[in-house]
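Below is one structure, written out as structure tokens, with a few remarks after it.
Protein chains: 4
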Amino acid sequence: MKVGVVGASGYVGGEIVRLLSAHPYVQLVQATSESRAGKYVASVHPNLRKRTTLRFSKIADLEPCDLLFLALPHGRAVGLIQHMRAIAPRIVDLSADFRLKQKTEYPKWYGYEHPHPSLLEEAVYGLPELHRQQIRDAWLVSGVGCLATSVILGLAPLFKHGLVREHMVIAEGKLGSSAGGSAPSLASHHPERSGVVRSYEPTGHRHTAEICQELAFGKSPAVMLSATACEMVRGILSTCHVFLKHDLDDKAIWRVYREEYGDEPFIRIVKERQGVYRYPEPKIVAGSNFCDIGFERDPHSDRLVVISAIDNLMKGAAGSAVQAMNVMFGFEETTALEFTGLHP
Amino acid sequence: MKVGVVGASGYVGGEIVRLLSAHPYVQLVQATSESRAGKYVASVHPNLRKRTTLRFSKIADLEPCDLLFLALPHGRAVGLIQHMRAIAPRIVDLSADFRLKQKTEYPKWYGYEHPHPSLLEEAVYGLPELHRQQIRDAWLVSGVGCLATSVILGLAPLFKHGLVREHMVIAEGKLGSSAGGSAPSLASHHPERSGVVRSYEPTGHRHTAEICQELAFGKSPAVMLSATACEMVRGILSTCHVFLKHDLDDKAIWRVYREEYGDEPFIRIVKERQGVYRYPEPKIVAGSNFCDIGFERDPHSDRLVVISAIDNLMKGAAGSAVQAMNVMFGFEETTALEFTGLHP
Amino acid sequence: MKVGVVGASGYVGGEIVRLLSAHPYVQLVQATSESRAGKYVASVHPNLRKRTTLRFSKIADLEPCDLLFLALPHGRAVGLIQHMRAIAPRIVDLSADFRLKQKTEYPKWYGYEHPHPSLLEEAVYGLPELHRQQIRDAWLVSGVGCLATSVILGLAPLFKHGLVREHMVIAEGKLGSSAGGSAPSLASHHPERSGVVRSYEPTGHRHTAEICQELAFGKSPAVMLSATACEMVRGILSTCHVFLKHDLDDKAIWRVYREEYGDEPFIRIVKERQGVYRYPEPKIVAGSNFCDIGFERDPHSDRLVVISAIDNLMKGAAGSAVQAMNVMFGFEETTALEFTGLHP
Amino acid sequence: MKVGVVGASGYVGGEIVRLLSAHPYVQLVQATSESRAGKYVASVHPNLRKRTTLRFSKIADLEPCDLLFLALPHGRAVGLIQHMRAIAPRIVDLSADFRLKQKTEYPKWYGYEHPHPSLLEEAVYGLPELHRQQIRDAWLVSGVGCLATSVILGLAPLFKHGLVREHMVIAEGKLGSSAGGSAPSLASHHPERSGVVRSYEPTGHRHTAEICQELAFGKSPAVMLSATACEMVRGILSTCHVFLKHDLDDKAIWRVYREEYGDEPFIRIVKERQGVYRYPEPKIVAGSNFCDIGFERDPHSDRLVVISAIDNLMKGAAGSAVQAMNVMFGFEETTALEFTGLHP
């Protein structure tokens, strides 16, 4: 099976290349970068030295293949989608261009009118844990928002089971610097970024739209999202505060999560009574496709705190995308995603 | 004026020594450490080389002086207080032993019955921004909880003005490793602690008690506190979510903060329209006694997000304590607290 | 094939468990920890959740198997070796107990008389790049010193080809905190260790002995080693300064390295004319078994600077050990060592 | 006394502004930035909020004052020097434009012919520890190179006393990211720069020229310099390897350092027998003007390792410059430089 990556010089594109280069059933035949065309992929992603001898090509040079991953900036894929479809019958687009079902959300959150609203119906939100069946048969699968993924996977069982009072969540995501992409700026300049805990989107984060969409099990949720940048390169920890309709104890909550996620290969419920690792930590999942989820009932109120950790470039982007590809083509879902993370 | 520090080998004690060693009106005459007695203070706090030649003494060796700072573990000061009072007529105790007014809070949050409840009435909570008048005349001033300080200072104007719906706040504190003290453990072992974003008290944090007490302007607030450890040594960023009773715009909220804090030397309202530094950051206040406070109105709901940043060892402990001492003795309040922080 | 790990609760032992748990031809049947016996391996190494359900056993419970990895503190394996040999016919010992050929080096560098000097002749230094043939047939393979590995691999071609004036090298290793092991101490306490660049062994580092041994191609070298701790968890960068006998240009030096390492699966010569990644970096090899080597000729003198980067827990310990096992049993040498590292 | 800073939006310029804003005898009346003219200084250096209300002006707007600090890129000051001298009778230039005495060094190391070689004779290298008398009377004082400063101060006593064999030193500087200035680039992009130990100038570092000049006590030294970037924002640790002519013990070396530096307010000899802080560390001097110097004799050879730590923006730039100003105007040399650094 032949696959291409469009926009492979960025962090998400590079991560897909890394994963595919170790995928036993897939041949990565092309990786584009308009600005680096002609250069070795490994000159931009130095971890891939001795792993791939591929050079970047241009979009104009794309040759027919079985699947294309699009890892372009938001707003770019939407204009290229028909062209891409002519090159490959199946597409996984990692931008936000096909994540939202309601076309009215695009001007609200992304500042543009969606030119192909009919495709929004065809596209499937690429989280296998929620849409495995649809992904299997889709030609167009949307990648996921990294912060959104951590919140959605953390809360979906609770919302699905109707356990959350007022359908409201206050979610605070703490993100590593790779979530900001590969383009340097003053905000990402090391002396300015190193060691910060920086509130960068206290309100108005675009992923709110995705989260509302994916947690709406019959009723639209109220999602209060805030994002804070922390000192790490990869990783997201989301701390989500919900209030329970009924006074559920730990066991009852466990049961809900186990029911929904018991068979999921990439979700681990992390909740230990003691020790250093009793809740999820992004450091532990860095490089892996895991989403670790934990929770704690507030003994002084009806609050439930749900904590989830992912690697933003993996489960929050490239990992879920490759997982979706595995689903689309009937491969074992964990293929090329077996890396377990490091300790320490 | 002669001053002593009891428990000077810890981080807070060392910070008080550092501040006092540059204080023009105060002579630091003794600094105790039971385990390091006889050793140079600078052998434990190497930044103080060439600054002080003081050696640690023992509590048993304390000589009369004008004021004692107690920087002992929680539960230690309460048993020593009468002894200490015999040595110095005025005391600033940095533990939690005299922070709470209600004796019933001690068994609930700290696990012990308070043996001197009458002293709880005499003690003043040592945040000059809230209790300047009382501190001036107190013989016993309590230090402040670091996480509590960031939340209290961030929200006091809103609660005082009765602007918060249901008197409820969901507050998430992100803390540096020095907040855990100077004793090594697996959780603080560098390979385990470096680079983490670790949820360590999703619920049940003791500072809840202080926050409730200090934000109770007539009515008891509902404080939902969570604490997350981040990769930094000094610093706290608290992100506080409240819902407004009335739809206030930025200007109206500014006005409230300016009214309460306009003359405060250590509070800065940080809210810029653009740029990297538009919200408070603990990195920028590290080493200083500032509390930077910012806020953002959620355009999609009635939520107001308040963000406050302090150095936990300074404004959250030693800095506020020295500030309180300055108030108690009529010194210029900023004396020895002028350090402005570094950039970058 | 059945394998066991003795001392699996430390970082090196945990890393071996991680590697073996993904090894297709090996079954990890036992992992000992005297202090954690009975607990899940994944409770100590949380990255292994959902990967292994093994529990720690005790040395006393070891059952016969095909190979044992010993990951015990220096001086422990030497006393247990005959006992271990009775359990498994082949052993890879990761301590320093069997690294040195000369028994006189043990009192000098490790402070003990070696009780089994005859075994020192049987043991093979476990760096496949230098001793592949001998490893194949050895029953006892010694693990490698992490700092030593980076220096040895960086310089072996130059010393082997007799290019170094006075056989002297000044080598400075910069090490991450995991090289200090898993036991907490004041030096490793996060507030003390975070952000440091700390000279901790300017002279007298024990790995000097190994380096001298492995770089002695006919003549004993003069190795001036210094070690500095840096802010990272995994990784070593060694900067080695040698003076050339003859004025070799880049091409000539390239040729020497290519001759020695051209077929090595885990050595990459990294030397680019421009860009951010033109020299080796430990960050890029973290988690992988690569040793990246680069060099630069000083245009103002006859100095050659050789730079080499490894992950101390991988190529500097567990990775080389598993590589050695692959050699011993005739597996493809890269088996279970394919992880390529992350970017960023 | 009125003072101005030219080029105040960079890190060194900002640091001078910070120091002067707390200087009791100096009034900072102007701070220029061509790109930020009109904006508040505190909008670029957020630590200065509430400390200064100064706005950036342009060079064209400079008004006469008593002294100007020039903090411009290399090669800029040399063209402006006569213009600046017309504005202020005394100048401290922090670039490299007036550091070197030999005009032939400029094309060699900095790539340009020096247009005013006669000024090189008038300019004084601004390290008070070496040139206090000349600084006092100079109209033009040159700032110092940060890496150079750490090496020069570490080794000057040894070279002055003629103790170093072959006048040779192998010096490895480990630098924080602020040494690279305030302009973002891929190399400084946080995901790329965070956690690295990156060899960026293994040979050919420009500061070689300064070091050779300042360590030439009668005989030109051989300086083998290498520079490695580490994970820290502020700070330099230099590890310098020299070989001793005679076998000096610790006491004899101590005596040499004490003779040269015994009265220096900003130099501390750090050499303790045990403990975590037995050698100099940049973390401990961050924000301060200290240069901490330690050493260790290699028991296995005639090598002496000298370790020195500074804050590159302070003792390595702005701190030394303000110290020089204090000398020039007869102020107490430590004025405005009293900050002692933080622990932890």
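These protein sequence lines are chains V, H, A and W, in that order.
Numbers 0 to 343, taken from numbering that gives the first Met the number 0, label the letters of the first sequence in order.
Numbers 0 to 343, taken from numbering that gives the first Met the number 0, label the letters of the second sequence in order.
Numbers 0 to 343, taken from numbering that gives the first Met the number 0, label the letters of the third sequence in order.
Numbers 0 to 343, taken from numbering that gives the first Met the number 0, label the letters of the fourth sequence in order.
The C-beta atom is built at its ideal place from N, Cα and C for all residues, glycine as well.
Note that the structure is a prediction, hence the values are computed from the model and not measured.
Practice task
Starting from H130 (chain A), follow the alpha helix (DSSP H) in both directions and report where the run begins and ends.
Solution key: Stepping through the third sequence from its first residue, residue 130 (chain A) is reached at position 131. P127 to D136 is the span of the alpha helix (DSSP H), which, as asked, contains H130 (chain A).
Problem - Neighbour flag for P23 (chain V) against chain H, beta carbons, 8 Å - result: Taking the first residue of the first sequence as 1, we reach residue 23 (chain V) at position 24. No, because no Cβ of chain H sits closer than 8 Å to the Cβ of P23 (chain V).
Handout entry: Length at least 3, wholly inside the segment 195-223 of chain H: the beta strand (DSSP E) runs in chain order
Key = 197-200
Problem - Extent of the continuous alpha helix (DSSP H) run through V28 (chain W) - result: Within the fourth sequence, the letter at position 29 stands for residue 28 (chain W). Where V28 (chain W) is concerned, there is no enclosing alpha helix (DSSP H), although the beta strand (DSSP E) it sits in stretches over Q26 to T31.
Problem - Cβ-based neighbour list, E121 (chain A), same chain, cut-off 8 Å, excluding 5 preceding and 5 following - result: Along the third sequence, read from residue 1 onward, the residue named residue 121 (chain A) stands at position 122. Closer than 8 Å at Cβ, skipping near neighbours: A137, W138 and L139.
Practice task
Compute the distance between the beta-carbons of R54 (chain A) and V40 (chain A), then report whether it is under 8 Å.
Solution key: Here residue 54 (chain A) refers to the residue found at position 55 of the third sequence. Here residue 40 (chain A) refers to the residue found at position 41 of the third sequence. Cβ atoms of R54 (chain A) and V40 (chain A): closer than 8 Å.
Practice task
Could you tell me how far apart the beta carbons of P343 (chain A) and V232 (chain V) are, in whole angstroms, since I believe they sit closer than 8 Å?
Solution key: Counting from one through the third sequence, the residue named residue 343 (chain A) turns up at place 344. Counting from one through the first sequence, the residue named residue 232 (chain V) turns up at place 233. 5 Å between Cβ atoms; contact.
Exercise for the section: Apply the 10 Å Cβ neighbour rule to D249 (chain H) and answer buried if 16 or more other Cβ atoms are within range, or exposed otherwise. Expected result: Start at 1 with the first residue of the second sequence, and residue 249 (chain H) comes out as number 250. Label assigned to D249 (chain H): exposed.
Practice task
Output, in chain order, the set of chain V residues within a Cβ distance shorter than 8 Å of C229 (chain H).
Solution key: The residue given as residue 229 (chain H) occupies position 230 in the second sequence. Chain order gives the chain V residues near C229 (chain H) as K173, V196, C229 and E230, where near means a beta carbon separation below 8 Å.
Handout entry: Nonlocal neighbours in the same chain, by C-beta distance under 6 Å from K218 (chain V), ignoring five residues either side
Key = Working through the first sequence from its first residue, we reach residue 218 (chain V) at position 219. The residues are H166.
Exercise for the section: Spell out a yes or no on whether the segment 52-71 of chain A and the segment 16-35 of chain W are touching, meaning 3 or more CB-CB pairs, one atom from each, closer than 8 Å. Expected result: No: the two stretches stay apart, fewer than three of their Cβ pairs being nearer than 8 Å.
Exercise for the section: Check the Cβ of E337 (chain W) against every Cβ in chain H and list those closer than 8 Å, keeping chain order. Expected result: Position 338 of the fourth sequence, counted from the first residue, corresponds to residue 337 (chain W). Near E337 (chain W) (Cβ distances below 8 Å), the residues of chain H are A21.
Exercise for the section: Under 9 Å between beta-carbons, which chain W residues line up against G203 (chain A)? List them in chain order, please. Expected result: Along the third sequence, read from residue 1 onward, the residue named residue 203 (chain A) stands at position 204. Under the 9 Å cutoff, chain W gives E295, D297, P298 and H299.
Practice task
Tell me, to the nearest whole angstrom, how far the beta carbon of D7 (chain W) is from that of G142 (chain W); I am working on the premise that it is less than 8 Å.
Solution key: Position 8 of the fourth sequence, counted from the start, is the residue given in the question as residue 7 (chain W). Position 143 of the fourth sequence, counted from the start, is the residue given in the question as residue 142 (chain W). In the sequence as displayed, the identity of residue 7 (chain W) is Ala instead of Asp. Their Cβ separation, rounded to whole angstroms, is 14 Å, which puts A7 (chain W) and G142 (chain W) out of contact at 8 Å.
Exercise for the section: May I have a chain-ordered list of the beta strand (DSSP E) segments no shorter than 3 residues that lie completely inside the segment 262-293 of chain W? Expected result: Counting only runs that start and end inside the segment 262-293 of chain W, the beta strand (DSSP E) elements of at least 3 residues fall at 266-268.
Problem - Cβ of P72 (chain V) within 8 Å of any chain A Cβ - result: By 1-based counting over the first sequence, the position of residue 72 (chain V) is 73. Chain A contact via Cβ: absent.
Handout entry: Cα-Cα separation, P116 (chain W) to K102 (chain W)
Key = Counting from 1 along the fourth sequence, the entry for residue 116 (chain W) is found at position 117. Counting from 1 along the fourth sequence, the entry for residue 102 (chain W) is found at position 103. So the two alpha carbons sit approximately 6 Å from each other.
Handout entry: Chain-ordered neighbours of P343 (chain A) on chain V, where CB pairs are closer than 7 Å
Key = Counting from one through the third sequence, the residue named residue 343 (chain A) turns up at place 344. In chain order: Y10, S177 and V232.
Practice task
Measure from the C-beta of L346 (chain W) to each C-beta in chain H and report whether the shortest distance is under 8 Å.
Solution key: Lying before the first or after the last residue shown, residue 346 (chain W) is absent from chain W, which here runs from 0 to 343.
Practice task
Given a cut-off of 8 Å, decide if G172 (chain V) and L214 (chain V) are closer than it, judged by their beta-carbon atoms.
Solution key: The count along the first sequence starts at 1 and reaches residue 214 (chain V) at position 215. The count along the first sequence starts at 1 and reaches residue 172 (chain V) at position 173. No, Cβ-Cβ distance for L214 (chain V) and G172 (chain V) is not below 8 Å.
Problem - Opening and closing residue of the alpha helix (DSSP H) in which D249 (chain V) lies - result: Residue 249 (chain V) sits at position 250 when you count from the first residue of the first sequence. Residues D249 to Y260.
Exercise for the section: Following the continuous beta strand (DSSP E) through C229 (chain V), name the residue where it begins and the one where it ends. Expected result: Numbered from its first residue, the first sequence carries residue 229 (chain V) at position 230. Where C229 (chain V) is concerned, there is no enclosing beta strand (DSSP E), given that its DSSP letter is neither H nor E.
Handout entry: DSSP-derived helix/strand/coil call for S347 (chain H)
Key = The requested residue 347 (chain H) is not part of the displayed model; chain H covers only 0 to 343.
Exercise for the section: Kindly indicate which three-state DSSP category K49 (chain V) falls into: helix, strand or coil? Expected result: The residue you call residue 49 (chain V) lines up with position 50 of the first sequence. Three-state DSSP puts K49 (chain V) in coil, outside helix and strand.
Problem - Unbroken alpha helix (DSSP H) run spanning K1 (chain V), endpoints - result: Here residue 1 (chain V) is taken as the residue at index 2 of the first sequence, counted from 1. Careful: K1 (chain V) lies outside any alpha helix (DSSP H), inside the beta strand (DSSP E) at K1 to V5.
Practice task
Using the Cα positions of K49 (chain V) and M327 (chain V), report the straight-line distance between them to the nearest angstrom.
Solution key: Numbered from its first residue, the first sequence carries residue 49 (chain V) at position 50. Numbered from its first residue, the first sequence carries residue 327 (chain V) at position 328. Each residue's Cα considered, the two are about 29 Å apart.
Problem - Unbroken stretches of the alpha helix (DSSP H), 4 residues or longer, contained in the segment 162-201 of chain H - result: 189-192
Exercise for the section: Quick one: measure Cβ to Cβ for P298 (chain A) and G203 (chain W), integer angstroms, because I've assumed they're closer than 8 Å. Expected result: For the purposes of this step, residue 298 (chain A) is taken as residue 299 along the third sequence, with counting starting at 1. For the purposes of this step, residue 203 (chain W) is taken as residue 204 along the fourth sequence, with counting starting at 1. So it is a contact: roughly 6 Å between Cβ atoms.
Practice task
Check whether the Cβ atoms of R291 (chain H) and R267 (chain H) lie closer than 8 Å to each other.
Solution key: Start at 1 with the first residue of the second sequence, and residue 291 (chain H) comes out as number 292. Start at 1 with the first residue of the second sequence, and residue 267 (chain H) comes out as number 268. This sequence places Asp at residue 291 (chain H); Arg is not what is there. Against a cut-off of 8 Å, the Cβ pair of R267 (chain H) and D291 (chain H) comes out as a contact.
Problem - V2 (chain H) and D65 (chain H) closer than 8 Å at C-beta - result: Indexing the second sequence from 1 puts residue 2 (chain H) at position 3. Indexing the second sequence from 1 puts residue 65 (chain H) at position 66. Closer than 8 Å, so yes.
Exercise for the section: Return yes when the C-beta of E295 (chain H) is under 7 Å from any heavy atom of the ligand NAD, and no when it is not. Expected result: This structure lacks the ligand NAD; in fact it carries no ligand of any kind.
Handout entry: K282 (chain H) burial status per 10 Å Cβ neighbour count (16 or more: buried)
Key = What you label residue 282 (chain H) is simply residue 283 of the second sequence in a count that begins at 1. Classification for K282 (chain H): buried.
Handout entry: Inter-residue CB distance, I252 (chain V) and F294 (chain V) (contact presumed, cutoff 8 Å)
Key = Indexing the first sequence from 1 puts residue 252 (chain V) at position 253. Indexing the first sequence from 1 puts residue 294 (chain V) at position 295. Between F294 (chain V) and I252 (chain V) the Cβ distance is about 6 Å, and since that is below 8 Å, they are a contact.
Problem - Residue-level contact to chain V via CB, L93 (chain A), 8 Å cutoff - result: Along the third sequence, one-based indexing puts residue 93 (chain A) at 94. By this cut-off, L93 (chain A) is not an interface position.
Practice task
Enumerate in chain order the residues of its own chain whose CB-to-CB distance from R205 (chain W) is below 8 Å, with the five nearest sequence positions on each side excluded.
Solution key: For this step, residue 205 (chain W) is matched to residue 206 along the fourth sequence. Same-chain partners within the cutoff: A95, W108, Y109 and G144.
Handout entry: Chain-order list of residues whose beta-carbon lies under 7 Å from that of R192 (chain H) (same chain, five-residue window excluded)
Key = Residue 192 (chain H) sits at position 193 when you count from the first residue of the second sequence. Once the five neighbours on either side are set aside, the close Cβ partners of R192 (chain H) are S176 and A186.
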